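Asker: The structure is given below, and queries will be raised subsequently.
Here it is as structure tokens:
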């Protein structure tokens with residue numbers, strides 16, 4: 001078991017990598033900067049994901065699928081900052097949290113409505129909603145939180 | 156956890172569960188739910204060890220503040236399953 005500083009360091013590099021490039025770095029890319037062997041970096045990644053269970057690896061792999069509020073695997077929640085659309089939010093709820101990764105910037109979220117496919121657009125800056133289209137946009141939790149609901153809460 | 160154009164759009168979604176009638180949340184409340192203090196520190200080097208552990212309590216306090224106190228929102232067992 002690695003110490004908390006190492007887990008923090010890997011977490012920080014993953015989150016920073018997602019913000020800077022739109023994708024999560026692979027553990028092998030993180031090994032040398034963290035002073036670890038590649039295998040120990042892989043093991044550390046699993047520790048980080050255990051400590052951050054709201055994210056997950058793609059099943060049966062060591063690939064980061066979700067690292068909320070962003071997703072390494074594309075979702076319908078496309079995120080645009082500074083004219084660049086290179087990010088995806090984990091879900092519609094976490095989409096409202098992406099603003100905290102881009103201080104001072106307008107963060108735009110575009111998604112097709114799962115009912116009709118028409119657009120849903122949300123813009124935020126430093127946590128404040130600056131634009132919503134259409135005006136009636138609503139959040140919806142389908143399964144409820146908690147393991148007793150038996151399904152991933154992001155659905 | 157999705158965004159819909161309106162409540163009616165959500166209800167027409169083929170995967171909509173009847174139980175989730177209580178799962179609607181207004182956008183300003185949702186933004187507040189995801190704006191608790193720990194969220195402001197996601198880019199700090201000690202987020203995982205220092206800030207993330209505070210998240211659950213913050214979320215519960217916020218949900219109680221906006222009146223979402225059912226097991227569905229709080230993630231607690233349903234009465235019937237106790």
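Chains as they are written, first to last, in my numbering: chain A, 1 to 155; chain B, 156 to 237. Backbone N, C-alpha and C define an ideal beta-carbon position, used for all residues, glycine too. Only a predicted model underlies this, so the values are computations on that prediction, with no experimental measurement involved.
#1: Give a yes or no on whether 8 Å exceeds the smallest Cβ distance from residue 94/A to chain B.
#2: Would residue 12/A pass as an interface residue toward chain B - the criterion being a Cβ-Cβ separation below 8 Å?
#3: Give me, in chain order, the residues of the same chain whose beta-carbon lies closer than 7 Å to that of residue 126/A; leave out the 5 immediate sequence neighbours on both sides.
#4: Which residues of chain B have a Cβ atom closer than 8 Å to the Cβ of residue 122/A, listed in chain order?
#5: Taking the straight line between their C-alpha atoms, what separation do you get for residue 19/A and residue 8/A?
#6: Contact criterion: CB-CB distance below 8 Å. Does residue 237/B meet it with respect to chain A?
#7: Please classify residue 32/A as buried or exposed, where buried requires at least 16 other C-beta atoms within 10 Å of its C-beta.
#8: Can you tell me which of 93/A, 128/A, 14/A and 44/A puts its alpha carbon nearest to the alpha carbon of residue 142/A?
#9: Rounding to the nearest angstrom, what Cα-Cα distance links residue 91/A and residue 218/B in this structure?
#10: If you scan the stretch 20-82 of chain A from start to end, which runs of the alpha helix (DSSP H) of 4 or more residues do you find wholly inside it?
#11: Looking at the structure shown, is residue 214/B part of a helix, part of a strand, or coil, going by DSSP?
#12: Please state the DSSP three-state secondary structure of residue 228/B.
#13: Would you tell me roughly how many angstroms separate the C-alpha atoms of residue 199/B and residue 17/A, rounded to the nearest one?
#14: With respect to the alpha helix (DSSP H) encompassing residue 165/B, which residues constitute its N-terminal and C-terminal limits?
#15: Please state whether DSSP places residue 112/A in a helix, a strand or coil.
#16: Since residue 109/A contacts residue 182/B with CB under 8 Å, what's their CB separation in whole angstroms?
#17: Near residue 114/A, what residues of its chain come up, given a Cβ to Cβ distance below 8 Å and the 5 sequence neighbours on each side ignored?
#18: Closest to residue 222/B by CA distance: which of 158/B, 174/B and 180/B is it?
#19: Count the other CB atoms, across all protein chains shown, that sit within 10 Å of the CB of residue 130/A; report buried if there are 16 or more and exposed otherwise.
#20: Using a Cβ-Cβ distance under 8 Å, would residue 66/A count as near chain B?
#21: Check whether the Cβ of residue 164/B lies closer than 8 Å to any Cβ atom in chain A.
#22: Between the Cα of residue 207/B and the Cα atoms of 58/A, 39/A and 69/A, which residue gives the shortest distance?
Answerer: Taking the coordinates as given:
#1: yes
#2: yes
#3: 99, 103 and 104
#4: 158 and 182
#5: 16 Å
#6: Here residue 237/B scores only 46 on pLDDT, less than 50, and its place in the model should not be relied on; the value that follows carries that caveat. No, residue 237/B lies away from the interface with chain A (no Cβ there is under 8 Å from its Cβ).
#7: exposed
#8: 93/A
#9: 19 Å
#10: 27-31 and 38-51
#11: helix
#12: helix
#13: 13 Å
#14: 162-167
#15: strand
#16: Not confirmed; about 11 Å, so no contact.
#17: 76
#18: 180/B
#19: exposed
#20: no
#21: yes
#22: 69/A
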